[in-house]
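Here's the structure we're looking at; comments come further down.
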Amino acid sequence: MELTTGRIGLTPLDLDRDLADLHVAYADPLVMARWLHEPASTSPDETRRRLASRSNLPGARLWSVRRAGHTSALGLVELIGSTAPPGMSWMLRQDAWRQGLMGEAVAAVVAHLLGPGGLDLVEAWADATNTASLAVARRGGFTERGRFAARHPDGRRHETVVLGRRRIEDPTDLYAAEVVLPVRDVAGTLDFLHRAFDCTTAFRHGEPLQRAGVRLGPWSSSRGLQLALAPPDSRIDPATVYLHGGAPAELLRERCLAAGGSVPDPIRDQPWGRFEFSVQLPEGHRLVIGTPV
1 MELTTGRIGL TPLDLDRDLA DLHVAYADPL VMARWLHEPA STSPDETRRR LASRSNLPGA
61 RLWSVRRAGH TSALGLVELI GSTAPPGMSW MLRQDAWRQG LMGEAVAAVV AHLLGPGGLD
121 LVEAWADATN TASLAVARRG GFTERGRFAA RHPDGRRHET VVLGRRRIED PTDLYAAEVV
181 LPVRDVAGTL DFLHRAFDCT TAFRHGEPLQ RAGVRLGPWS SSRGLQLALA PPDSRIDPAT
241 VYLHGGAPAE LLRERCLAAG GSVPDPIRDQ PWGRFEFSVQ LPEGHRLVIG TPV
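So the sequence shown is numbered by the UniProt record's numbering: it starts at 1 and just counts up by one.
Structure follows, in structure tokens:
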């Protein structure tokens, strides 16, 4: 389905018609690094294969972006195939940057997807430092829903912002899940977590301390866990808790050791794309720390 706004037209991707124009973007290292964190294409044939691969995914819809009355394709707006929740992405050639075109295009596609397109919600990701892409998302009515740690192909750390928009913005029924770890020494365990991971305290209850909440980040909405004082002589069944790290695994492991933690294993490069190591608490609980490869 074709979509139009005051300045642009969006037409379903036609590889034969649009390849030469879109190869300008695919062959641009800066465009590809900001869009997909992937290397640029070295030939039109490679660009064709990459575009075909994206457009052939189940549920994918790709629109080429043009100025009204012009034939040259300046970029793409995409409903990514095979994602849940439904995800969007967008890309624009450098010669069309900073003109407000992509914000207009994304707003039109979002209105279509959440209207005649029949979707209840859409999601998009953006590098936290990519202010232009974040501005495009805001113009499309997206709001920030969360963040996660990631790494560029060259190893540099960055945060990915998860943005979303719903057709009807009802409050979410459930927001998060937290594990409650029974421990013998709430204050001591809390102190270890502060020193090892620079955590913040969400709440404290009791004197001596009987219960505490731990946030893994500095914000009120940061994910975390809770510590509860186990009754004397009670049995504690060890639990395993997975902590998603943003700092390099080597640094986090060194901080755990410096804080007096028991770190029985070396860092492992796991086949699911994480560097992992574990810390064992005195009660037998195991904290597995995973960071992006």
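Built from N, CA and C at the ideal position, the CB exists for glycine as well.
From a predicted model like this one, the values you see are computed outputs, not experimental measurements.
Item to check | Alpha-carbon to alpha-carbon, residue 151 and residue 10 | outcome: Residue 10 and residue 151 have their C-alpha atoms spaced approximately 32 angstroms apart.
Checklist entry - Exposed or buried, which one is residue 189 when buried takes at least 16 other CB atoms within 10 Å? => result The residue is buried, with at least 16 neighbouring Cβ atoms inside 10 Å.
Checklist entry - The alpha helix (DSSP H) with residue 136 in it runs from where to where? => result That run of the alpha helix (DSSP H) goes 131–139.
Checklist entry - So residue 124 and residue 142 are in contact, right, with Cβ under 8 angstroms, and what is the actual spacing, rounded? => result That belief holds up - the Cβ atoms of residue 124 and residue 142 are roughly 6 angstroms apart, short of 8 angstroms.
Item to check | Where residue 203 sits in the DSSP three-state scheme | outcome: Shown here, residue 203 sits in a strand according to DSSP, grouped into three states.
Next on the checklist: Taking contact to mean 3 or more Cβ pairs, one atom from each stretch, closer than 8 angstroms, check whether the stretch 248–259 and the stretch 226–234 are in contact.
Outcome noted: Because the criterion of three Cβ pairs below 8 angstroms is not met, the stretch 248–259 and the stretch 226–234 do not touch.
Next on the checklist: So, at 8 angstroms on beta carbons, what are the nonlocal neighbours of residue 164 in its own chain, with the 5 sequence-adjacent residues on each side left out?
Outcome noted: Excluding sequence neighbours, residue 164 sits near 85, 121, 122, 123, 124, 142, 143, 145.
Checklist entry - Would a check of beta-carbon distances place residue 234 closer than 8 angstroms to chain B? => result Absence of chain B from the displayed structure is noted, only one protein chain being present.
Next on the checklist: Using 8 angstroms as the threshold, is the C-beta distance between residue 74 and residue 61 below it?
Outcome noted: When the beta-carbon positions are compared, residue 74 and residue 61 stay at least 8 angstroms from each other.
Item to check | Anticipated Cβ contact below 8 angstroms, residue 216 with residue 181, distance rounded | outcome: Contact doesn't hold; Cβ gap of about 14 angstroms is too wide.
Item to check | Proximal residues to residue 15 (C-beta, below 8 angstroms), its chain only, five neighbours per side dropped | outcome: Hits under 8 angstroms: 48, 51, 52, 55.
Checklist entry - Looking at C-alpha atoms only, which residue of 284, 270, 118, 282 is the closest neighbour of residue 292? => result For the set 284, 270, 118, 282, the Cα lying nearest the Cα of residue 292 is the one of 270.
Item to check | 8 angstroms Cβ cutoff met for residue 76 and residue 91 | outcome: Judged by beta-carbon spacing, residue 91 lies within the 8 angstroms limit of residue 76, meaning their Cβ atoms are closer than that value.
Checklist entry - Which of helix, strand or coil does DSSP assign to residue 273? => result Here residue 273 sits in coil by DSSP.
Checklist entry - For residue 158, which option in 287, 285, 7, 34 has the closest C-alpha, if you only look at C-alpha atoms? => result Ranking the options by Cα distance to residue 158, first place goes to 34.
Checklist entry - Leaving out five residues before and five after residue 133 in sequence, what residues of the same chain have Cβ atoms less than 8 angstroms from its Cβ? => result Excluding sequence neighbours, residue 133 sits near 34, 90, 126, 127.
Checklist entry - The alpha helix (DSSP H) with residue 192 in it runs from where to where? => result Run containing residue 192: 186–197, per the alpha helix (DSSP H) assignment.
Item to check | Closest Cα partner of residue 162 within the set 87, 72, 257 | outcome: From the listed residues 87, 72, 257, the smallest Cα separation to residue 162 is found for 87.
Checklist entry - Taking the alpha-carbon positions, what's the residue 234 to residue 140 distance? => result Approximately 54 angstroms between the Cα atoms of the pair.
Checklist entry - Relative to the C-alpha of residue 284, which residue among 290, 238, 278, 267 is closest? => result Checking every option, the nearest Cα to that of residue 284 belongs to 238.
Checklist entry - Taking the Cβ atom as the reference point for each residue, do residue 178 and residue 101 lie within a distance shorter than 8 angstroms? => result No, Cβ-Cβ distance for residue 178 and residue 101 is not below 8 angstroms.
Item to check | Inter-residue CB distance, residue 8 and residue 98 (contact presumed, cutoff 8 angstroms) | outcome: About 15 angstroms; that fails the 8 angstroms criterion.
Next on the checklist: Between which two residues does the alpha helix (DSSP H) holding residue 24 run?
Outcome noted: That run of the alpha helix (DSSP H) goes 15–26.
Checklist entry - According to DSSP, is residue 91 helix, strand or coil? => result Residue 91: strand per DSSP, three-state reduction.
Checklist entry - So, is residue 18 buried or exposed, given that buried needs 16 or more other C-beta atoms within 10 angstroms? => result Buried, by the Cβ-count rule.
Item to check | According to DSSP, residues forming a beta bridge with residue 124 | outcome: In DSSP, residue 124 forms a bridge with 88, 163.
Checklist entry - Is it right to say residue 275 is buried, meaning 16 or more other beta carbons lie within 10 angstroms of its own, or is it exposed? => result Buried, because 16 or more other Cβ atoms sit within 10 Å of the Cβ of residue 275.
Next on the checklist: So for residue 35, helix, strand or coil by DSSP?
Outcome noted: Under the three-state reduction of DSSP, residue 35 is assigned to helix.
Next on the checklist: Is it buried or exposed, residue 257, if we count other Cβ atoms within 10 angstroms and call 16 or more buried?
Outcome noted: It counts as exposed.
Next on the checklist: Considering only their Cβ atoms, is the gap separating residue 184 from residue 259 smaller than 8 angstroms?
Outcome noted: Going by beta carbons, residue 259 and residue 184 fall outside the 8 angstroms limit.
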